[in-house]
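The working numbering runs 12 ahead of the 1-based position in the sequence shown.
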Amino acid sequence: MALEDLYDPTEALNPEALERLQTDRLRWTVAQAARSPHYGKLFAERGLDPESIRELDDLRHFPLTEKQDLRDSYPFGFLAVPKDEVVRLHHSSGTTGTATAVCHTAGDVERWADLVARCLHMVGLRRGDVFQNMMSYGLFTGGLGLHYGAEKLGAFVIPMGAGNSRRQIEFMGIFGTTAMHIIPSYAMALLGTCEEMGVEPRSLPLRFAVGGAEPYSEGTRTRLQEAWGIPFHNCYGLSEMCGPGVAFECPVQQGLHLWEDAYLGEVIDPETGDRVVDGEEGELVLTSLTREAMPLIRYRTRDLTSFTPGPCPCGRTHRRLSRIQGRTDDMFIVRGVNIFPLQIERVLMSMPQVGRNYVIVLDREGYADRLTVRVELNADVFFGELEQLQSLRERMADRLRREIMVRPRIELVEPGTIPRQEGKAVRVIDERKD
Ligand code: ADP
Ligand code: ZN
């Protein structure tokens with residue numbers, strides 16, 4: 013990788029230099045964190061001090077920070093600067109319970125924009141590109157986060173926000189959109205809008221798309237790439253660590269580079285808290301290295317992933333995370349069996365008859381749990397032979413049983429009939445009463 017092709021030479025920093033940079037920043041971060049009420053008290057109680065950090069491994073002495081800690085000290089218990097230094101509030105969407113408040117200084121906002129610019133530059137965004145941002149603006153970090161990064165690169169940014177599907181497609185044509193930022197499940201839904209409008213998605217001037225904010229399978233990505241006729245790059249982040257831009261897929265598409273000059277990553281066994289080896293799945297734990305307003309030490313993201321072993325052919329030295337498989341709390345239990353929604357998605361997306369949306373419904377039949385997978389089919393299949401539909405339903409149930417050990421009921425439905433959210437897709441509807 014030629015250095016001049018990089019947005020920031022740090023992307024290809026040699027591992028020793030990167031580690032030195034991380035160690036310095038970690039020491040700074042711990043000192044900064046100690047200014048917040050939460051960490052100030054915790055460090056004093058445990059006798060932890062920034063000077064004790066000689067090497068990265070010393071981080072092990074610090075306890076994990078839980079989402080519950082953020083909730084317990086909502087809204088300002090983690091704030092490490094005077095409130096008048098805060099210029100921006102973001103708020104997690106509260107997908108899994110009470111939301112958390114995240115404050116930013118001007119420096120935080122600036123560095124975040126720079127990281128996002130690095131991500132977008134990596135997949136080819138340049139001045140002259142038209143960037144349509146279809147993530148919702150406001151407290152959710154997806155909108156403003158990517159907006160600032162794209163502007164920083166000098167792209168022509170269209171702050172569309174989420175929804176308004178026909179207008180999204182019209183604008184693509186009128187303004188010649190070359191790159192879009194979009195939630196994967198919405199990118200699927202928008203294909204239906206193209207169909208209704210008689211627009212062939214591959215005829216649009218798009219060059220690539222980026223999107224994340226929710227788990228999606230490799231099969232979903234492949235479908236999106238084929239239908240839109242462009243590469244679709246995975247983007248990962250969470251409000252507590254600024255938002256999108258924490259880890260991002262390079263054009264090689266074999267894992268997401270975790271920007272290790274800004275975030276220190278560990279993958280742990282969620283049960284024991286021990287680190288797992290590269291390649292093994294576990295929970296991602298992140299320590300911010302440059303956050304001023306709300307530094308977080310060893311924050312449990314609850315996201316399941318692994319470090320991809322070996323260097324990336326693109327030449328960047330920052331380690332890669334594998335596709336995020338979901339959150340520990342996405343797991344649901346049916347008749348005693350643990351299941352992740354993405355296991356179901358993987359099976360569905362490997363079947364060409366399956367359309368663009370699905371939902372998992374849990375309820376009870378008598379005392380027994382009942383798992384129903386409601387699946388949209390492609391129109392030609394749905395309106396085809398009844399016998400074929402029946403055999404498809406059988407095959408689908410068999411394949412799912414092999415994957416999740418429970419044989420689900422299958423409901424095959426017409427394209428476009430499953431309601432979808434404007435933001436993150438809600439994949440599981442649990443109607444069981446406790
Ligand atoms: P909330 O936790 O309320 O959803 P955020 O909007 O901060 O709040 O969402 C961050 C979470 O979204 C991550 O912790 C992760 O679970 C999920 N997420 C973000 N990007 C991806 C991605 N590329 N793949 C899978 N999950 C993602
Ligand atoms: Zn790479």
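All C-beta atoms, glycine included, are put in the ideal place defined by N, C-alpha and C.
Quiz item: Got a sec: does the ligand ADP put a non-hydrogen atom nearer than 8 Å to the Cβ of Ser197?
Solution: no
Quiz item: Among Pro49, Glu63 and Ala56, which has the Cα closest to the Cα of Asp81?
Solution: Pro49
Quiz item: Tell me which same chain residues have a C-beta within less than 6 Å of the C-beta of Ser334, skipping the five on either side of it?
Solution: If we look at Ser334 and ignore the five residues flanking it on each side, its Cβ neighbours are Gly267, Thr317, Ser318 and Thr320.
Quiz item: Heavy atom of the ligand ZN less than 8 Å from the Cβ of Cys247, yes or no?
Solution: no
Practice problem: Consider the C-beta atom of His269 and the heavy atoms of the ligand ZN; say whether any pair is separated by less than 8 Å. | Solution: yes
Quiz item: Of all residues in the structure, which have a C-beta closer than 5 Å to any heavy atom of the ligand ZN, taken in chain order?
Solution: Cys262, Val264, Cys324, Cys326 and Arg328
Quiz item: When the distance is taken between beta carbons, is Gln34 closer than 9 Å to Leu270?
Solution: no
Self-check item: Those runs of the beta strand (DSSP E) which lie wholly inside the region 386-442 and span at least 3 residues
Solution: As far as the region 386-442 is concerned, its whole beta strand (DSSP E) runs of at least 3 residues are 421-425 and 440-442.
Quiz item: Comparing the CB of Ile336 with every heavy atom of the ligand ADP, is any distance shorter than 8 Å?
Solution: yes
Quiz item: Got a sec: does the ligand ADP put a non-hydrogen atom nearer than 8 Å to the Cβ of Thr255?
Solution: The question names Thr, yet the displayed sequence has Gly at residue 255. It does: the Cβ of Gly255 is within 8 Å (strictly closer) of some heavy atom of the ligand ADP.
Quiz item: Between His116 and the rest of its own chain, which residues show a CB-CB distance below 6 Å, the 5 nearest in sequence each way excluded?
Solution: Arg100 and Ala305
Self-check item: Ser251: CB within 8 Å of a non-hydrogen atom of the ligand ADP
Solution: yes
Quiz item: Expressed to the nearest angstrom, what Euclidean distance is found between the alpha-carbon atoms of Pro431 and Arg303?
Solution: 38 Å
Quiz prompt | alpha helix (DSSP H) segment containing Gly231, residue limits | solution = Glu230 to Trp240
Exercise. For Val289, count neighbouring C-beta atoms within 10 Å of its own C-beta (all shown protein chains included) and say buried if the count is 16 or more, exposed if not.
Key: exposed
Quiz item: Taking 8 Å as the cut-off, is the CB of Glu226 close to at least one heavy atom of the ligand ADP?
Solution: yes
Self-check item: Uninterrupted alpha helix (DSSP H) stretches inside the region 76-156 (no shorter than 4 residues)
Solution: 79-84 and 118-134
Quiz prompt | Arg314 - DSSP class collapsed to helix/strand/coil | solution = strand
Practice problem: Kindly examine the ligand ADP and report whether one of its heavy atoms sits closer than 8 Å to the Cβ of Lys436. | Solution: yes
Quiz item: Who are the Cβ neighbours of Arg83 in its own chain at under 8 Å, not counting the five residues just before and after it?
Solution: Gly109, Thr110 and Thr112
Quiz item: In whole angstroms, what is the alpha-carbon distance linking Leu151 and Gly106?
Solution: When the Cα atoms are used, Leu151 and Gly106 turn out to be separated by approximately 11 Å.
Quiz item: What are the boundary residues of the alpha helix (DSSP H) that Leu354 is part of?
Solution: Pro353 to Met361
Practice problem: Whole angstroms is fine: what's the gap from Phe394's alpha carbon to Val93's? | Solution: 58 Å
Quiz item: Considering only C-alpha positions, which residue in the set His102, Val98, Cys131 and Arg138 is nearest to Gly119?
Solution: If we check each option's Cα against that of Gly119, Val98 comes out closest.
Quiz prompt | Leu276 and Ala239 closer than 9 Å at C-beta | solution = no
Exercise. State the beta-bridge partners of Gly277 as determined by DSSP.
Key: Leu298
Self-check item: Per-residue DSSP class, three states only, for Thr190
Solution: coil
Exercise. Determine, using beta carbons only, whether Met200 and Arg178 come nearer to each other than 9 Å.
Key: no
Quiz prompt | Close Cβ partners of Glu415 (< 8 Å) along its chain, the five nearest in sequence each way excluded | solution = Gln355, Ile356, Arg358 and Val359
Exercise. Please indicate yes or no: does the CB of Arg100 lie closer than 8 Å to some heavy atom of the ligand ADP?
Key: no
Quiz item: Grouping DSSP H, G and I as helix and E and B as strand, with all else coil, what is Tyr19?
Solution: The DSSP-derived three-state label of Tyr19 is coil.
Quiz item: Exposed or buried, Ile351, counting other C-beta atoms within 10 Å across all chains shown (16 or more means buried)?
Solution: buried
Exercise. Compute the beta-carbon to beta-carbon distance between Asp286 and Ile280, rounded to the nearest angstrom, for a pair I have assumed lies under 8 Å.
Key: 6 Å
Practice problem: From the DSSP output, in three-state form, read off Gly204 for me. | Solution: helix
Practice problem: Kindly indicate the opening and closing residues of the alpha helix (DSSP H) around Tyr51. | Solution: Pro49 to Arg58
Quiz item: DSSP on Thr41, reduced to helix/strand/coil?
Solution: helix
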